[in-house]
Amino acid sequence: MLGLMQNHPLLISSLIDFAARYHGDTEVVSRRVEGDIHRYTWLDVQRRAKRVANGLDALGLQASDRVGTLAWNGYRHLELYFGVSGSGRVLHTVNPRLLPEQIAWIVNHAEDRVMCFDMSFLPIVQGIHTHCPSVKHWIALCDEDKLPADTGIPHLLSYEAWIGGQPDQYPWPVFDENTASSMCYTSGTTGHPKAALYSHRSTVLHAYASALPDVMGLSARDAALPVVPMFHVNAWGLPYSAAMVGAKLVFPGPAMDGKSLYELMEAEGVTFAAGVPTIWQMLLGHTAGNKLRFSTLTRTVIGGSACPPAMIATFRDDYGIDVLHAWGMTEMSPLGTLCTLKEKHRHLPEQEKMKIRLKQGRPIFGVDMKIVDDHGEDLQWDGKTYGDLYVKGPWILDQYFKGEGGDPLVDGWFPTGDVATIDADGFMQITDRSKDVIKSGGEWISSIDIENIAMAHPAVAMAACIGMPHPKWDERPIVAVVLKPGAAASRDELLGFYEGKVAKWQLPDDVVFVDAIPIGATGKMLKTRLREQLKDYKLPTV
Ligand code: ADP
């Protein structure tokens, strides 16, 4: 027997219609590429998203045609999020931090028909447009009078001229909720990148789940600042979840330095922010250096790479701001787990609570996970046993776009490539990417643990732990360290700093000082490149 309830497809267009109807006067504020602040409302977003939809019709785009973006977090990008997907086309956000050749490869692979770009990325477009035959229309996200005369890009349109002539009425089409809505390529540090192709259903379900109280806890009383880029994994779904709850949105544009972010947070009453650890490091550097306080910020989601304990402690102890450690990946839309404590943890001593907060957290309803050994057998949830982390759920990838890479699933589970422990309460902790795991004498050493300890030293700005070949132990960990400007610490001092913090056999064999640690397009350390840089390095013989 079937239930007798209405069957409305879960569509992205309903999110913007809801925000416009019930939160129409709530603001969306953006720092623009032009440098000034733009301010309007959810109602304006809807009207202009409908102009975008009409504009795409006028360009002759068919359902499921891809529309690329190379853009910062800002209001025009937001309008494309809703106008492109809402009208049945697929929004393809492209990461401008990739190399131009990679961008061209991705645009060709996705067969983008239109490419909308912020003027900051004009040089990239000038370099690649002749290599992107599928793109029939290049659109600069600016006013008509900001368009330079001689860009060399044929038929270049300004966004404002393009949508300016279009009506702001548009009947959103109704279609199967499993229809593709947007896509994002993984960073492809090895081999060609592959794309996750999200659906309307997966996106709306992810938005519901991510707004829950134990997840991001978003509401109509929040002003949310996504510093996580809209060009990578949909800014952790915040454009959608903010529309779903009617939160104010505040966009930083290209200005993500500590000072600009702090000023924007204070000026706009930001209560909630989301970003990767490196961003918060810059922000905390600015606030500490200038003895500033946050007057409205209550919580910040930190993910994308492991959040150093020192950062959680600084936010909490010095500023009274809750840090929500989160984990996910492109293939998971991206949220998988988020760390919020349970009632049973309320009376634990602060130090014990901190140990839990450092974990990547427990799954959001909709995500199921397990850890397995090399034979695919389930491992114990004791918070100690490490294994390959597998996940499944309605916003987790089933196949890559165009079937690239074959069937990625193992018995219906998606192998994340992460190695983790899970404790009896279901809190997961990542110890490594499987390719970065350090195996010494048959035992695994967590590079994240080693990095976190180094990062807690006052002289250390950044640390990366990698394994080096060893004749007896197979591999031994060393830690590459970037010192803070003006700070000093010797190798022996840093090695001594580990004592009592990890078991003796887990102590790094060496500290190597480097000027910088290579960072990839999504802000993660590129350990492959670091290993290449240190290829002539030899472990000290004791
Ligand atoms: P990519 O484009 O490289 O796939 P993703 O943003 O999808 O970029 O990266 C996902 C990976 O990032 C995860 O598999 C995990 O290794 C790492 N990651 C994400 N969040 C965390 C976290 N909180 N702690 C540790 N690692 C994390």
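Here numbering that gives the first Met the number 0 is used: the first residue of the sequence shown is 0, the next is one more, and so on.
Think of the CB as a built atom: it goes at the ideal place given N, C-alpha and C, for glycine as much as any other residue.
query: Going by DSSP, what residue range makes up the beta strand (DSSP E) through Val28?; result: 26-30
query: From the DSSP output, in three-state form, read off Ala266 for me.; result: helix
query: When every heavy atom of ligand 1 is checked, does at least one fall within less than 7 Å of the C-beta of His191?; result: no
query: Going by DSSP, what residue range makes up the beta strand (DSSP E) through Thr336?; result: 334-337
query: Tell me which residue opens and which closes the alpha helix (DSSP H) that Glu542 is part of.; result: The requested residue 542 is not part of the displayed model; the chain covers only 0 to 541.
query: Is DSSP giving Phe230 helix, strand or coil here?; result: coil
query: If you measure from the CB of Ala325, is any heavy atom of ligand 1 nearer than 7 Å?; result: yes
query: Can you determine whether any heavy atom of ligand 1 sits closer than 7 Å to the C-beta of Ser332, and answer yes or no?; result: no
query: Which residue wins for smallest C-alpha separation from Val322, given the options Ala18, Met331, Gly441, Cys338?; result: Cys338
query: How would you label Met4, buried or exposed, when you count the other beta carbons within 10 angstroms and need 16 or more for buried?; result: exposed
query: Just verifying my parser: in three-state terms, what is the DSSP assignment at Ser439?; result: strand
query: For Arg220, name the three-state secondary structure that DSSP assigns.; result: coil
query: Using DSSP with H/G/I as helix, E/B as strand and the rest coil, what is Val511?; result: strand
query: Residue ranges of each beta strand (DSSP E) run of no fewer than 3 residues wholly in the stretch 348-381, ordered along the chain?; result: 367-371
query: Going by the beta-carbon positions, is the gap between Asn53 and Pro166 smaller than 8 Å?; result: yes
query: If you pair each beta-carbon of the stretch 260-270 with each one of the stretch 310-317, do three or more pairs fall below 8 Å?; result: no
query: Out of Leu340, Val366, Ile370, Phe364, which has the shortest C-alpha to C-alpha gap to Arg356?; result: Leu340
query: Return the Cβ separation of Val32 and Pro253 in integer angstroms, given the expectation that the two are a contact with Cβ distance under 8 Å.; result: 6 Å
query: Does the beta-carbon distance from Tyr74 to Ser29 come in below 8 Å?; result: yes
query: Taking the alpha helix (DSSP H) that Asp16 falls in, what are its first and last residues?; result: 11-21
query: In chain order, what residues of the same chain have a beta carbon less than 8 Å from the beta carbon of Tyr389, not counting five sequence neighbours either side?; result: Met368, Lys369, Ile370, Val371, Val409, Trp412, Phe413, Pro414, Thr415
query: If we require 3 or more residues per run, which beta strand (DSSP E) segments fall completely within the stretch 472-527?; result: 473-482, 509-512
query: Just verifying my parser: in three-state terms, what is the DSSP assignment at Phe426?; result: coil
query: Over the uninterrupted beta strand (DSSP E) stretch that includes Pro172, give me the two end residues.; result: Run containing Pro172: none; DSSP gives neither H nor E here.
query: Give the straight-line distance between the Cα atoms of His374 and Met118, rounded to the nearest whole angstrom.; result: 51 Å
query: Contact defined as beta carbons within less than 8 Å: I believe Val501 pairs with Val480. What is the distance between those atoms, to the nearest angstrom?; result: Contact doesn't hold; Cβ gap of about 16 Å is too wide.
query: Would you call the CB atoms of Ile320 and Phe293 closer than 8 Å?; result: yes
query: Going by the CB atoms, is the gap between Phe120 and Ile15 shorter than 8 Å?; result: no
query: Please tell me whether Leu79 and Val51 are closer than 8 Å, where the distance is taken between their beta carbons.; result: yes
query: What first and last residue would you give for the beta strand (DSSP E) that runs through Ile421?; result: 413-421
query: How many whole angstroms separate the CB atoms of Glu330 and Ala195, which I take to be in contact at a CB cut-off of 8 Å?; result: 5 Å
query: Hey, out of Ser489, Asn107, Ile123, whose CA is closest to Ser133's CA?; result: Asn107
query: Alpha carbon to alpha carbon, how far is Ala222 from Thr270? Give it in angstroms, no decimals.; result: 5 Å
query: Could you name the residues of the same chain whose beta carbon sits closer than 7 Å to that of Pro468, not counting the 5 residues immediately before and after it, in chain order?; result: Glu474
query: Entirely within the stretch 90-159 and at least 4 residues each: give me those alpha helix (DSSP H) ranges in chain order.; result: 99-109, 121-127
query: Just the C-alpha distance for Met524 and Ala486, rounded to the nearest angstrom, thanks.; result: 22 Å
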